[in-house]
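In this note's numbering, the protein residues as written are 6 to 296. Don't be surprised by glycine CBs; every beta carbon is placed ideally from N, CA and C. Notes to accompany the following structure.
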Amino acid sequence: MDLRRGGSVRARRPTSVPQDHREPSGVGRQAKSVGSRSSHIDGFGGTSQEAPEDGRRQWVKGSEEKRQRFPMKGHIFRRGKNWTIVYDGERHENGDRNQIWVTVHGTKKDAERELVRILHEQQSGTDLEPSTVTVAKYLERWLADGAAASVAPKTFERYSEIVRLHLIPALGHHRLARLKPLHIQGYYGEALKNGRRDGKGGLAPRTVLHHHRVLHRALSRAVKWRLLAVNPADAVEPPRATSPEMQTLTEEEIGLLLATAVATPSYTAILLAVTTGVRRGELLALRWADA
């Protein structure tokens, strides 16, 4: 980002927060340590407030309305000649708070603008960091921004079902950057044994193969978006789908079928099916204009 007045930003680094600068649990509060000047910003539309000049630590409680409108929060304070931003990132896998520190080489206004930009990214969902974002959050983002505009509605519906009912429950807790081929391979094996949602055994190899294709496509987009260097699904062997041997009717069976169906409304459709071999979808799409 190009900051005004020659300001620059040092790379973000998640870290534990020193006790002197650790923010209280309430949202919308402001801290000022002795000998430093601190501002606090809630959400991407909030404003900063300067701490008192007397050097005393003071907490200013924000309104309930503000806490609801701007759930993301962060603050800045001066360290030597530079300004430091502290904001909440994605929580750690164990649920612990994850505060990220950013050093800004510039003015206080530069730091405030950078904090507003970061909080705006968090609020709008454009801050996908592969080291912190989960597979679940990424897959939801892929459905919304990647798959929705590139596939037919019925295909998208099927993708959404696979992602939300199978892939996210099984793999969603992993960090995107830490998703390994072994995680994916293990899921396929478990799905083949116990993948049915009704608890009655495993999914068919062809079904798990569909899951693989959806996951592979989603992770390929992550590579294009430069969230991943390689696609971990490339190194996985999906199950092979076996096609069952087709069963055909004998002439006697066809005659019996037609004789039984002749008095039913479905007779014409059955007659066309057995005499032309047309597929079900094509048969249902026929109109009188096609005759």
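Between isoleucine 259 and valine 235, the C-beta spacing is not below 9 Å. Note that the C-beta distance between proline 237 and isoleucine 275 is not below 9 Å. Counting every other CB atom within 10 Å of its CB across the protein chains shown gives valine 109 a total of 16 or more, marking it as buried.
If you draw a 10 Å sphere on the C-beta of alanine 223, you find 16 or more other C-beta atoms in it, and that means buried. Under the DSSP definition of a beta bridge, asparagine 87 partners with Arg84. Threonine 212: member of the alpha helix (DSSP H) spanning 210 to 229, first to last residue. Shown here for arginine 226: same chain residues with a beta carbon closer than 7 Å to its own, the five before and five after excluded, namely Trp147, Gly151 in chain order. Around the C-beta of lysine 78, 16 or more other C-beta atoms lie within 10 Å, and the residue is accordingly described as buried. Using a C-beta cut-off of 8 Å, the segment 249 to 256 makes no contact with the segment 199 to 218, since fewer than three inter-stretch Cβ pairs fall below that distance. A direct Cα-to-Cα measurement between threonine 160 and valine 219 gives close to 10 Å.
When beta bridges are read from the DSSP output, arginine 284 appears opposite no residue.
Residue state for glutamine 104 is assigned as strand, using DSSP reduced to three classes. Counting C-beta atoms within 10 angstroms of its own C-beta, tryptophan 293 has fewer than 16 neighbours from the protein chains shown and is therefore classed as exposed. Scanning Pro210, Gly206, Thr281, Thr269 for the CA closest to the CA of proline 243 turns up Pro210. By the Cβ neighbour-count rule, glycine 111 is buried, with 16 or more other Cβ atoms within 10 Å of its own.
Membership of threonine 160 in the alpha helix (DSSP H) is indicated by the continuous run 158 to 167.
Shown here for serine 136: same chain residues with a beta carbon closer than 6 Å to its own, the five before and five after excluded, namely Ala182 in chain order. Beta-bridge partners of arginine 180 (DSSP): Thr139. The residues Pro210, Arg211, Leu214, in chain order, have a CB closer than 6 Å to that of alanine 246 in the same chain once the five nearest residues on each side in sequence are set aside. Separation of valine 91 and glutamine 104 (C-alpha to C-alpha, rounded to the nearest whole angstrom) is 6 Å. In terms of Cβ geometry, valine 241 and histidine 179 do not form a close pair [threshold 9 Å]. Under the 10 Å beta carbon count, glycine 100 is surrounded by fewer than 16 other beta carbons and is classified as exposed. Here tyrosine 164 is not near leucine 232, since their CB atoms are 9 Å or more apart. Rounded to whole angstroms, the separation of the alpha carbons of valine 283 and aspartate 295 is 14 Å. When the beta-carbon positions are compared, lysine 113 and arginine 83 come within less than 9 Å of each other.
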